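There are 2 protein chains.
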Amino acid sequence: MRIGVDVMGGDFAPDAIIEGAVDSLQFFSANEKLVLIGDETSIYRRLKMMKVNPEIFDIVPSTEVIEMADHPAKAFSQKKNSSIAVGYGMLKNGTLDGFCSAGNTGAMLVGASYSVNVIPGVFRPALVTIAPRIDNRDSVILDVGLNPDCKPEVLLQYGILGSIFAKYVLDIENPAVGLLNIGKEETKGTPSVKAAYELMREHPGLNFTGNVEGHGLFLRSMPDVIVCDGFVGNIVLKMAEVFHHISRLRNFKDAFFDRFDFENIGGTPIVGINANVVIGHGISKRKAIMNMINQTRAVVHGNLAQRIKEAI
Amino acid sequence: MRIGVDVMGGDFAPDAIIEGAVDSLQFFSANEKLVLIGDETSIYRRLKMMKVNPEIFDIVPSTEVIEMADHPAKAFSQKKNSSIAVGYGMLKNGTLDGFCSAGNTGAMLVGASYSVNVIPGVFRPALVTIAPRIDNRDSVILDVGLNPDCKPEVLLQYGILGSIFAKYVLDIENPAVGLLNIGKEETKGTPSVKAAYELMREHPGLNFTGNVEGHGLFLRSMPDVIVCDGFVGNIVLKMAEVFHHISRLRNFKDAFFDRFDFENIGGTPIVGINANVVIGHGISKRKAIMNMINQTRAVVHGNLAQRIKEAI
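As you go down the protein sequences, you meet chains W and C in turn. To convert, count from 1 in the first sequence and add 5; that's my numbering. To convert, count from 1 in the second sequence and add 5; that's my numbering.
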């Protein structure tokens with residue numbers, strides 16, 4: 006099993022990426038390899054400073070960098086020797102089982118849709134976040150930012166994609182699926198959400214448990230999968246971030262609130278494409294990178310892309 | 006100045022309403038009167054038990070009750086002697102300057118739109134919530150639940166209505182207005198939100214400061230007015246509630262987090278109708294009722310409905 010990490014992507018690249026990569030190795034088993042993709046000189050220099058033997062990694066050189074400010078589609082097609090383009094190329098030719106980057110998000114999404122491609126039958130890929138629950142279990146929320154406007158059949162399919170994620174990545178049997186809405190009643194919400202409710206209720210393969218309101222998130226009663234459009238999901242994701250931030254501003258250090266810290270979550274997997282890909286936060290430092298790599302390992306262990314291909 | 010409160014509305018009516026009404030009187034000045042609308046026998050009995058002189062109130066009897074489970078429109082038109090219908094009747098004939106209830110929300114909204122009516126020129130009334138900021142100032146968010154789907158011109162007008170609220174109820178000069186979105190860039194969001202961005206930027210009377218992301222809420226940098234559709238606003242409102250709830254579950258007692266407690270916020274004013282009306286949470290107890298009445302006083306002091314009539 007080979008996991009690739011983009012050493013050049015993120016505000017603190019390459020050093021923080023290399024450090025996080027070294028830290029993540031403690032979780033790797035003998036048949037797993039971490040592949041560092043980036044500028045060889047920087048990688049060897051940093052590893053030497055850290056007194057880490059470079060041979061514990063596979064090192065794949067890249068000579069270009071897609072900067073944070075680059076135009077995603079243009080940069081991806083023009084910088085063929087960038088770490089992101091090299092990573093996607095390795096996913097495509099099967100020399101990587103998973104790939105992650107804290108670099109240019111747009112370029113990562115371009116690679117997802119136009120390099121490894123969307124799985125046939127998937128309407129729209131989605132970004133998934135792991136959401137902590139007060140009973141110490143995890144739920145997933147999708148979409149958290151790819152598709153601000155979702156048709157009902159897209160929301161239904163997010164329920165299916167989210168269920169596959171919950172089952173194979175989080176090991177939850179028959180995951181319960183809820184629809185984020187502004188009331189419990191099936192008559193609530195936008196026309197699109199109301200129509201999605203009907204589709205989800207009628208779908209035989211889905212363990213649909215109905216609408217979930219904003220004050221039902223993160224509690225014991227939260228379903229394993231929360232479906233919403235990418236606009237609402239993105240607001241929810243970032244609002245959880247700000248509450249974690251405020252809890253620290255108020256000098257509250259708490260194990261549960263800390264689970265909302267992106268540094269502990271690590272990254273946002275993309276579901277619905279022909280590869281296992283995780284996108285990290287641009288401001289990721291050493292710890293966040295370690296967890297982004299761990300998140301990628303979990304997605305690869307769950308064989309997520311293959312499971313979705315079989316199911317859709 | 007006369008504030009009416011529905012004594013029969015809410016899960017803990019009438020006792021909790023009467024108790025909250027008594028508590029709220031400490032804030033009333035000599036020229037202000039609190040009007041209790043409800044079952045006379047219950048009111049006199051409870052006040053006697055509390056050893057409170059009934060003459061400090063105006064008591065207006067009603068003989069019917071719109072129950073929480075009643076169909077809003079049907080109940081409002083059929084139960085003409087219900088406390089909610091009586092309250093709206095008094096708003097209409099000018100014997101009340103403001104009215105609040107923790108009862109059937111649907112019936113309160115029916116009264117708003119079909120009894121006192123929407124202000125001509127207002128596309129859609131909205132529900133406003135006060136949002137605390139870490140720097141101890143207040144912002145407002147609208148809409149938090151009335152209109153799940155909003156056209157761009159409705160969002161623009163929410164900016165205007167919210168500015169009037171911030172100026173006259175919260176005493177904020179030239180309030181800054183932000184649009185809740187999934188990125189800072191003007192190209193982000195749904196087609197409707199993108200079009201609203203253009204309208205808001207071009208509107209001469211609006212102090213528009215651009216997009217605000219979910220992690221910009223509640224911080225010092227949060228604008229005074231946050232505009233969003235009622236779907237997203239409702240999720241934000243209830244998610245703040247659940248974070249307050251979780252903070253208490255985690256044994257964190259904090260003055261700032263407590264400002265997210267609905268008991269301290271008290272109620273949700275309706276903007277855009279020909280009267281000053283505040284809707285309370287159905288589960289309101291004594292303290293929440295006191296704050297709902299306080300909220301109504303603030304709206305009446307700001308002369309909100311009249312200010313909007315003059316501006317639109």
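C-beta atoms are modelled at their ideal positions from N, C-alpha and C, and glycine is treated no differently. Since we're looking at a predicted model, the values are computed, not measured.
Mind checking whether the beta-carbon of HIS220(C) lies closer than 7 Å to any heavy atom of the ligand MN?
Absence of the ligand MN is noted for the structure shown, with no ligands found whatsoever.
Would the beta-carbon of VAL237(W) fall within 8 Å of that of VAL237(C)?
yes
Could you tell me if ARG253(C) is buried or exposed, where buried requires 16 or more neighbouring beta carbons within 10 angstroms of its beta carbon?
exposed
Given this structure, state the Cα-to-Cα distance separating PHE261(W) from CYS233(W), to the nearest angstrom.
24 Å
Anticipated Cβ contact below 8 Å, GLY287(C) with ILE294(C), distance rounded:
Actually they do not touch by this definition, with Cβ atoms about 12 Å apart.
Could you check what DSSP says for ARG312(W) in three-state terms: helix, strand or coil?
helix
Using a C-beta cutoff of 8 Å, does ARG255(C) count as contacting chain W?
yes
The alpha helix (DSSP H) that contains ALA78(W), what's its start and end?
77–83
Listed by chain order, chain C residues near ILE240(W) by CB distance under 9 Å
LEU185, ASN186, ILE187, GLU218, GLY219, LEU222, CYS233, VAL237, ILE240, VAL241 and MET244
What residues match up with GLU69(W) in a beta bridge as DSSP calls it?
SER87(W)
Along the segment 131–157 of chain W, what residues have a CB closer than 8 Å to any CB found in chain C?
ILE139, GLY150, PRO153 and ASP154
Between PRO196(W) and ASN186(W), what straight-line distance do the alpha-carbon atoms span, to the nearest angstrom?
12 Å
So, at 8 Å on beta carbons, what are the nonlocal neighbours of VAL217(W) in its own chain, with the 5 sequence-adjacent residues on each side left out?
GLY183, LEU184, LEU185, ASN186, MET227, PRO228 and ILE231
Who are GLY215(C)'s beta bridge partners in DSSP?
GLY183(C)
The segment 241–249 of chain C touching the segment 267–275 of chain W, judged by at least three CB pairs closer than 8 Å:
no
Taking 8 Å as the threshold (beta carbon to beta carbon), is PHE261(W) in contact with chain C?
yes
If you run the structure through DSSP and keep just helix, strand and coil, what is ARG7(C)?
strand
Output yes or no for whether 8 Å exceeds the beta carbon distance between ALA21(C) and SER289(C).
yes
Cα-Cα separation, LYS85(C) to GLY43(C)
13 Å
Pick from PRO180(W), MET55(W) and TYR173(W): whose alpha carbon is nearest that of ASN308(W)?
TYR173(W)
Around the Cβ of ASP11(W), are there at least 16 other Cβ atoms within 10 angstroms (buried) or fewer (exposed)?
buried
Taking TYR62(W) as the query, report the chain C residues whose CB atoms sit under 8 Å from its CB, ordered along the chain.
Tyr is not the amino acid found at residue 62(W); the sequence shown has Phe there. Those within 8 Å of PHE62(W) in chain C number zero; the least Cβ separation is about 34 Å.
Here's the rule: buried if 16 or more other CB atoms are within 10 angstroms of the residue's CB, otherwise exposed. What is GLU207(C)?
exposed
Report yes or no: is there a C-beta of chain C within less than 8 Å of the C-beta of THR195(W)?
yes
Using a Cβ distance threshold of 8 Å, determine whether the segment 160–178 of chain W contacts the segment 271–278 of chain W, with at least three qualifying pairs required.
yes
Whole-angstrom Cβ separation of GLN300(W) and VAL283(W), contact assumed at under 8 Å?
5 Å
On the DSSP letters alone, give me the boundaries of the alpha helix (DSSP H) that THR110(C) sits inside.
110–116
Which same chain residues end up closer than 6 Å to GLU24(C) when comparing Cβ atoms and leaving out the 5 residues on each side of it in sequence?
ARG291
Within 8 Å, do at least three Cβ pairs link the segment 36–54 of chain W to the segment 120–135 of chain W?
no
Using a C-beta to C-beta distance shorter than 7 Å, which residues of chain W count as neighbours of PHE248(C)?
PHE248
Report the partner residues of ASP63(C) according to the DSSP bridge assignment.
VAL40(C)
Enclosing beta strand (DSSP E) for ASP143(W) [first to last residue]
143–147
When the cut-off is 8 Å and only beta carbons count, does ILE251(W) lie next to chain C?
yes
How about the segment 77–95 of chain W and the segment 25–33 of chain W: do they share at least three Cβ pairs that are nearer than 8 Å?
no
Residues that DSSP places opposite CYS105(C) in a beta bridge
VAL10(C) and VAL283(C)
Go ahead and label ARG142(C) buried or exposed: buried means 16 or more other beta carbons lie within 10 angstroms of its beta carbon, across all protein chains shown.
exposed
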